[in-house]
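The structure appears right after this line, and notes come after that.
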Amino acid sequence: TLQIDPGVVSHIDSCLGCRACETACPSGVEYANILEDFRSRIESDGHRPGIQKFARKQLLDMLTQPKRMALALKLGRFAGPKDNLPSFVAEALTGKKGLKVPVPATPKKLEVGRLDDVTEAIGERKHTVVVLQGCVMRLMFHPTNLATVRVLQHAGCRVLAPAQSGCCGALHLHTGFHADALTRARAFVDSLEGIQYDALVVNSAGCGSTLKEYGDLLADEPSYAERAIALAAKVKDICEWLVEIDAPTPTIPFPAKVAYHDACHLAHGQKITAQPRALLAAVPGLELVDLPESDTCCGSAGVYNLTQPEMAGRLLERKMDFIQATGASIVATGNPGCLAWIEQGAKQRGLSISIKHPVEILSAAYGEPRT
35 TLQIDPGVVS HIDSCLGCRA CETACPSGVE YANILEDFRS RIESDGHRPG
85 IQKFARKQLL DMLTQPKRMA LALKLGRFAG PKDNLPSFVA EALTGKKGLK
135 VPVPATPKKL EVGRLDDVTE AIGERKHTVV VLQGCVMRLM FHPTNLATVR
185 VLQHAGCRVL APAQSGCCGA LHLHTGFHAD ALTRARAFVD SLEGIQYDAL
235 VVNSAGCGST LKEYGDLLAD EPSYAERAIA LAAKVKDICE WLVEIDAPTP
285 TIPFPAKVAY HDACHLAHGQ KITAQPRALL AAVPGLELVD LPESDTCCGS
335 AGVYNLTQPE MAGRLLERKM DFIQATGASI VATGNPGCLA WIEQGAKQRG
385 LSISIKHPVE ILSAAYGEPR T
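Each residue of the sequence shown is one higher than the last, beginning at 35 in the working numbering.
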């Protein structure tokens with residue numbers, strides 16, 4: 035077993051966790067499991083300075099509690115620099131002095147959204163689905179959640195959004211806080227107990243990837259293993275589900291040049307690349323343009339842009355170069371981290387480019403109000 039020392043910690047920290055290595059590996063090695071195991075050992079065995087571990091844990095807990103996150107962002111706007119984390123927070127997270135850590139783009143209005151418990155299908159009901167409201171999604175991208183529900187309605191789905199369903203544990207799992215991830219995973223499985231549904235629809239790539247792996251995550255827990263496997267089997271990314279059920283083709287023109295960016299945990303974690311493009315290409319008036327290196331990470335990678343800001347910034351610059359060269363007016367992508375980070379990149383360059391989840395475009399093309 036590899037012994038963990040400061041050099042190993044540095045290498046593990048610098049890994050994006052984007053899982054592109056899994057896509058490239060001819061032997062099908064599941065590198066994500068290896069990475070998560072090492073990150074868990076780093077955090078649990080005391081290989082990180084106490085202040086840094088504390089800061090990272092507080093960051094994750096804040097990001098997965100929407101009300102707490104809203105308060106933190108509001109206080110940050112009032113008391114600190116608008117575009118960067120306060121210096122003492124940046125130093126605690128990164129372990130480096132004088133490092134600027136840009137804050138991803140956030141909406142002007144910071145209110146925690148809440149979907150209706152039940153939303154009926156438009157026309158004939160063909161399916162009943164549960165939607166994951168998420169943590170970051172509820173605060174920063176509630177309009178995307180609303181668009182998700184509207185698109186599902188048009189596809190003949192009765193939509194359930196159980197109030198008791200909270201965090202899925204993805205951020206904690208990917209960052210090395212394994213015990214916290216397990217606690218959240220157990221609670222999430224319990225929250226859906228007794229609910230009858232055909233699919234658990236997710237519009238956040240990182241969450242969807244983790245939920246699909248619940249069977250492995252909870253395999254050693256007798257009271258959860260079977261239920262976790264059953265839940266994981268029903269998890270569908272929103273684009274994956276719409277293609278699977280042959281959702282109606284939108285009829286309202288959406289005249290725009292759109293470039294699609296593959297979120298890492300969607301392309302490499304869930305192997306979903308064709309479905310979002312097929313849905314977008316079918317929208318009347320929409321021109322889907324090729325984005326070079328579309329499946330290369332934008333640098334967001336969960337909280338990577340806050341803990342490794344230098345590399346995250348370099349990746350964002352490269353991504354923005356390619357986006358700008360396409361001439362697209364809209365970038366579509368299926369993960370909140372990518373949405374916020376690419377929007378930050380457009381803001382830094384002064385570009386009039388909108389960053390949208392594919393469901394926002396589909397919702398408008400079904401005739402719903404634009405977000």
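Heads up, the beta-carbon is just placed ideally off N, CA and C, and yes, glycines get one too.
| Query | Result |
| --- | --- |
| Sequence ranges, alpha helix (DSSP H) only - wholly within the stretch 173-200, length at least 4 | 176-188 |
| Where the beta strand (DSSP E) containing Thr-162 begins and where it ends | 161-165 |
| Lys-143, DSSP secondary structure in three states | coil |
| CA-to-CA distance, Gly-203 to Thr-217, given in whole angstroms | 8 Å |
| Boundaries of the alpha helix (DSSP H) in which Tyr-65 is found, first to last residue | 65-78 |
| Coarse secondary structure for Pro-136, derived from DSSP in three states | strand |
| Rounded C-alpha distance that separates Gly-319 from Ile-395 | 12 Å |
| Limits of the alpha helix (DSSP H) - the one that Tyr-400 falls within | Note, Tyr-400: premise wrong, no alpha helix (DSSP H); not H, not E. |
| Pick from Gln-187, Val-165, Lys-291 and Arg-192 that is closest to Leu-234, judged by C-alpha positions | Val-165 |
| Asp-329 (DSSP reduced to helix, strand or coil) | coil |
| N-terminal and C-terminal residue of the alpha helix (DSSP H) that Lys-381 is part of | 370-383 |
| Among His-45, Gly-41 and Gln-309, nearest to Trp-275 - alpha-carbon criterion | Gln-309 |
| According to DSSP, residues forming a beta bridge with Tyr-248 | Tyr-248 pairs with nothing; no bridge assigned. |
| Within 9 Å, strictly: CB atoms of Ala-346 and Val-365 | no |
| Expected contact under 8 Å - CB spacing of Thr-153 and Gln-187 to nearest Å | 6 Å |
| Proximity of Ile-85 and Ala-124 at Cβ, strictly below 9 Å | no |
| Reference Ala-281, options Arg-159, Pro-120 and Ser-44, closest by Cα | Arg-159 |
| CA nearest to the CA of Lys-101, picked from Gly-200, Asn-237 and Ser-238 | Gly-200 |
| Buried versus exposed call for Phe-288 [16 or more other C-beta atoms within 10 Å across all chains shown] | buried |
| Unbroken beta strand (DSSP E) run spanning Val-365, endpoints | 364-366 |
| Among Gln-167, Thr-57 and Ala-316, nearest to Ser-225 - alpha-carbon criterion | Gln-167 |
| Paired residues, beta bridge with Lys-270 - DSSP | Val-235 |
| contact_flag[the stretch 259-279, the stretch 226-246] where n(CB pairs < 8 Å) is 3 or more | yes |
| Close beta carbons around Ser-363, own chain, < 8 Å, minus the five adjacent residues each side | Ala-290, Lys-291, Val-292, Ser-386, Ile-387 and Ser-388 |
| Local Cβ density within 10 Å of Arg-148, reported as buried at 16 or more and exposed below that | exposed |
| Residues of its chain near Ala-398, where Cβ-Cβ distance is below 6 Å and the 5 sequence neighbours each way are ignored | Phe-288 and Arg-404 |
| Span separating the alpha-carbon of Cys-49 from that of Thr-128 | 14 Å |
| Top-ranked residue by Cα proximity to Ala-155, from Ile-272, Ser-61 and Arg-192 | Arg-192 |
| Buried/exposed call for Gln-37, threshold 16 Cβ in 10 Å | exposed |
| Distance, Cys-273 Cα to Trp-352 Cα | Strictly speaking, residue 352 in this sequence is Arg, with Trp absent from that position. C-alpha separation (whole angstroms): 26 Å. |
| Residue from His-176, Thr-162, Ala-139 and Lys-246 whose Cα sits closest to the Cα of Glu-145 | His-176 |
| Beta bridge counterpart(s) of Asn-339 as assigned by DSSP | Looking at the DSSP assignment, Asn-339 forms no beta bridge with any residue, so it has no partner. |
| Inter-residue Cα distance where the pair is Leu-107 and Thr-98 | 13 Å |
| Extent of the continuous alpha helix (DSSP H) to which Pro-389 belongs | The sequence shown places Ile at residue 389, not Pro. Segment 388-390 is the beta strand (DSSP E) holding Ile-389; no alpha helix (DSSP H) there. |
| Counted within 10 angstroms of its Cβ, other Cβ atoms place His-45 as buried (16 or more) or exposed | exposed |
| Residue-chain proximity (Ile-306, chain C), Cβ-Cβ < 9 Å | In summary, chain C is missing from the structure at hand, where a single protein chain is found. |
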